[in-house]
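Asker:
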Amino acid sequence: MIDMPLWDVNSMENIIKLYHGSDVMVIIPEIMHTQRTHDFWDAFYLTTSITPAENWARYVAKKEK
674 MIDMPLWDVN SMENIIKLYH GSDVMVIIPE IMHTQRTHDF WDAFYLTTSI
724 TPAENWARYV AKKEK
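This is the structure we're talking about:
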């Protein structure tokens, strides 16, 4: 799980820390448009809470073994 601010807009109060449940650091996620009509399809999910990100990272790690 990566713990880092994604951007800094010239001041500490403008930093937002987002988490992604993975062991891969993504500095700039690729934003793509899709014709699919299903929710939760090809997406890059972020959360402001570390707990769900840690839980998802553990789930993915177990699944990949």
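Numbering (our numbering), first residue to last: 674 to 738. Built from N, CA and C at the ideal position, the CB exists for glycine as well. These numbers were taken from a predicted model, which means no experiment stands behind them.
May I ask which residues mark the beginning and end of the alpha helix (DSSP H) holding I723?
Answerer: Position 50 of the sequence shown, counted from the first residue, corresponds to residue 723. It spans 723–737 - the alpha helix (DSSP H) in which I723 sits, taken as one unbroken run.
Asker: Where does Y692 fall in DSSP's three states?
Answerer: Along the sequence shown, one-based indexing puts residue 692 at 19. Here Y692 sits in strand by DSSP.
Asker: What separation, rounded to the nearest whole angstrom, lies between the Cα atoms of P702 and K735?
Answerer: Residue numbering aside, residue 702 sits at position 29 when the sequence shown is read from its first letter. Residue numbering aside, residue 735 sits at position 62 when the sequence shown is read from its first letter. The straight-line gap from Cα to Cα measures roughly 24 Å.
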